[in-house]
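In the numbering used here, the protein residues as written are 929 to 1033.
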């Protein structure tokens, strides 16, 4: 009986060692994946930083004003372009509902 118990403990220790060996290699693979993802995150953050800098350069008010003058035929509004509120047609008080929603009630 003591030989069987000894063999059983040796088998359990061997299986534990194999499981620990497998777990070690899984952890190493996951650490490599984590390092790769961290490098990718840093690259993406750097690209976002560059894009924000480019956006602030392209979106400068003086640049936009010059582009608007060059490409758009806009003129300042004159007072005669404004209308009166009584010239706007009044809105309906109630919008008619479709027949299908009236039947459900």
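We treat Cβ as the ideally placed atom computed from N, Cα and C, and that holds for glycine.
Asked                                                                                                          : Found
Mind pulling the beta strand (DSSP E) runs of 3 or more residues that sit fully within the region 949 to 1018? : none
Using the C-alpha atoms, what's the distance from residue 983 back to residue 1006?                            : 33 Å
Just to confirm, are residue 994 and residue 1002 a CB contact at a threshold of 8 Å?                          : no
Can you give the Cα-Cα distance for residue 930 and residue 939, rounded to whole angstroms?                   : 14 Å
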